Each structure stands twice: as structure tokens, then as C-alpha cells.
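Under our numbering, the sequence shown has 228 at position 228, and the numbering climbs by one with no breaks.
Note that the Cβ used here is the ideal one computed from N, Cα and C, for glycine as well.
Owing to the predicted nature of the structure, the values given are computational and were not obtained by experimental measurement.
First up is the structure itself, then whatever we jot down about it.
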Amino acid sequence: MRLSRFFIDAPLSLGQHDLPEAQAHYIGRVLRHAVGDAVQLFDGSGQEYLGELIEVGKKSVRVELREAIAGMSESPLRIHLGQGLSRGERMDWAIQKATELGASEITPIVSARCEVRLKDERADKRMAHWRQVAISACEQCGRSVLPLINPPLELAAWLQQIEADLKLVLHPIAAPLQSHDKPNSLAFLVGPEGGLSEAEVDQAKAVGFHAARLGPRVLRTETAPVVALSVAQQLWGDLQA
């Protein structure tokens, strides 16, 4: 049986801990775990802990952590994904899969053809939601460190501040990804549902981005980062054979 594994948004250490109410409800009421069940907890620091549930109530759960273990190593290739802001499930999918594929940082990008605009309270709710999507993906895939999810940013502002050994903007007419030398850090720019305009692609090139293609087909906004990160990790990261 697979060991239940949970992210706890608080520093962990050996010994007894009362879990936050949200996790306690999920473990005790939703999953119906009982006293004596083994669990594995992580706090995003890269360290993980093995323990046992010693109290399970309706609103509270107490765990005793008995062993500290090294978490999964992060990919040697640091990837910052600039993902064009898209509608609900498409953006969730992109963030979920980018997390599973080892992206270290994700920034939702607001560009000319974006069909979504987020402000104030709505933006805060989406940020919290996206972070939870990333947390769930880490719990599932085994990552011990959460990717950084940045607030949505205008394309021009992101282009001016992004730093990486290799900066790529996906484009159907360009050199293939594997034509570039191996970087230690990589920035990917993926357009929204309507794609990036030629002016925006030129704007990216003006600050050091190279156009790169993933094959003969034009991919959807939520598919492109999955393929791009998979190929990059296969070429230069931790999916190498």
C-alpha cells in the first residue's frame, strides 16, 4: 500500500505535532485515517518525515514524527515558466503538469490576446487556488520542494526582469529545442489561448529570447508547457535516460 503523503504549511521536526485544521479535516474526515496509520509529511524545505497518527478527532489530528528522510532531489535544470494566462481548467492543468515536470518557478503572463483579466480579490483567490494545485501535484508526484507561483505579470515587465542561461519563446517557425547548448537555467515563454502576437515574439527576442519549436503541430496553450518541459528535462534535466 502506498504511504499517504501530505504537505504541511508549517516547519516540521521530529516529535509530536497538531496538524492545521484543513489537513486534519482532510486526513480524518475525508480520507478517514485512524490512529496508528503511517503518514509521510513534508513542509517544502526538501526534508520529509515519517510518522504515525496518534490522535484523530473530528476537527483535530495529532501526529508523531519519528524519522527524518531526505526528500526528492530537484532537477539540476532550473526552469522558469512564463505561462500565458488562460481560462480556469487550462491554467490549472498547465500549473499542475509544470509542477510534476519539475518547474522551479511559474509566472502567469498577461499578454495582448489573453482572454482573462484578474484584479484585486479575484487575483488573490486565483493565486491561492494555483498554489493548492501545485501542492496537490507535489503530494502526488513526490516533489519535496514547491515551485514558486508568482502573481500575474504583464509580459513587458516579465521580459525585463527574467534571468536565465537560455531564454526561449515557443514559436511554430523556429529552430528545434535541441539545437541549443545545455543550460543550467532555462526560461520558457508560452502564449495564451490566442497565442502571442508577432510583435510580442519580437519583443521577447529583443531582450535575448530565442524562438524555438517543438515539432510540426501547433499545440494548445495547456499542452505546450507539458511538451516543452518534458523535452527540456529529457535533454538537459532529470528525465535523461
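Measuring CB to CB, does residue i end up less than 8 Å from residue j?
| i | j | result |
| --- | --- | --- |
| T99 | A137 | yes |
| I69 | E48 | yes |
| A187 | K167 | yes |
| Q233 | S73 | no |
| S144 | G46 | yes |
| V56 | G28 | yes |
| G194 | E89 | no |
| A212 | V201 | no |
| L214 | L177 | yes |
| S111 | L155 | yes |
| A22 | P225 | no |
| D43 | P11 | yes |
According to DSSP, what are the bridge partners of residue i?
| i | result |
| --- | --- |
| S4 | V39 |
| S185 | R78 |
| P108 | Q83 |
| Q16 | E64 |
| G51 | V39 and L65 |
| V30 | V30 is not bridged to any residue. |
| H210 | L168 |
| A70 | Q47 |
From what residue to what residue does the beta strand (DSSP E) around residue i run?
| i | result |
| --- | --- |
| Q83 | R78 to G84 |
| I173 | L166 to P176 |
| V218 | Here V218 belongs to no beta strand (DSSP E), and DSSP marks it neither H nor E. |
Assuming residue i contacts residue j (C-beta within less than 8 Å), just tell me the rounded distance between them.
| i | j | result |
| --- | --- | --- |
| G102 | G237 | 6 Å |
| S230 | L239 | 7 Å |
| S104 | P147 | 6 Å |
| P192 | T221 | 6 Å |
| F6 | L41 | 6 Å |
| D9 | S60 | At roughly 17 Å, the Cβ-Cβ gap does not stay under 8 Å, so D9 and S60 are not in contact. |
| A164 | I149 | Between I149 and A164 the Cβ distance is about 18 Å, and since that is not below 8 Å, they are no contact. |
| L289 | R131 | This structure does not reach residue 289, given that the chain is present from 1 up to 241, and the question cannot be answered. |
| I54 | E67 | Rounded, the Cβ-Cβ distance is 15 Å, inconsistent with contact. |
| I109 | G84 | 5 Å |
Tell me which residue opens and which closes the alpha helix (DSSP H) that residue i is part of.
| i | result |
| --- | --- |
| Q234 | A224 to W236 |
| Q23 | E21 to H25 |
| Q203 | E198 to A206 |
So, is the C-beta of residue i closer than 8 Å to a C-beta in chain B?
| i | result |
| --- | --- |
| S144 | Within the model displayed, chain B is absent; a lone protein chain is all it includes. |
Exercise. Mind pulling the beta strand (DSSP E) runs of 3 or more residues that sit fully within the region 94 to 162?
Worked result: 105 to 110
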